[in-house]
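Taking it in order: structure first as structure tokens, then the write-up.
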Amino acid sequence: MPDEPLWTVDDVAAFLRVAPKTIRHWQTTCRLPFLKVGGTVRFLPEEVRKWATNHDQDKPIQAARNGGSGAVARAERVRHVLSRHAPAGNLTRRK
Numbered sequence: 254m255p256d257e258p259l260w261t262v263d264d265v266a267a268f269l270r271v272a273p274k275t276i277r278h279w280q281t282t283c284r285l286p287f288l289k290v291g292g293t294v295r296f297l298p299e300e301v302r303k304w305a306t307n308h309d310q311d312k313p314i315q316a317a318r319n320g321g322s323g324a325v326a327r328a329e330r331v332r333h334v335l336s337r338h339a340p341a342g343n344l345t346r347r348k
């Protein structure tokens, strides 16, 4: 949708069903594509959707297994949300 407005951190967090803090972390570590508009961070909705579909979905789970304290549950929730936006067959676990 070319006329779709840019998303804020809160918009992306709601779309991916994660905390805004997680979006800021992904943005500052360059894991999530973003734009700076007048000193504020904004996201192109189509780029966020593409990122959600194409990025390696096993990494959050692998990292979370080392983190404990609910991290695995959060990573599994992110994986579930991303699976709704990914093409079928794109979610196989690597061993």
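Position in the sequence shown (first residue = 1) + 253 = this note's numbering.
Where is the CB? At the ideal position from N, CA and C, for every residue including glycine.
Predicted model only: the values in this text are computed from it and were never measured.
State the CB to CB distance for the pair Trp279 and Leu288, rounded to an integer number of angstroms; the pair is presumed to be in contact (CB under 8 angstroms). In fact, because the Cβ distance is near 14 angstroms, the residues do not count as touching under 8 angstroms.
Taking Arg295 as part of the alpha helix (DSSP H), name the residues at either end of that continuous run. Premise fails: Arg295 lies in the beta strand (DSSP E), 293 to 295, not in any alpha helix (DSSP H).
6 angstroms Cβ shell around Asp264 - same chain, five flanking residues per side excluded: none
Close beta carbons around Cys283, own chain, < 7 angstroms, minus the five adjacent residues each side: none
One or two residues paired with Lys289 in a DSSP bridge: Val294
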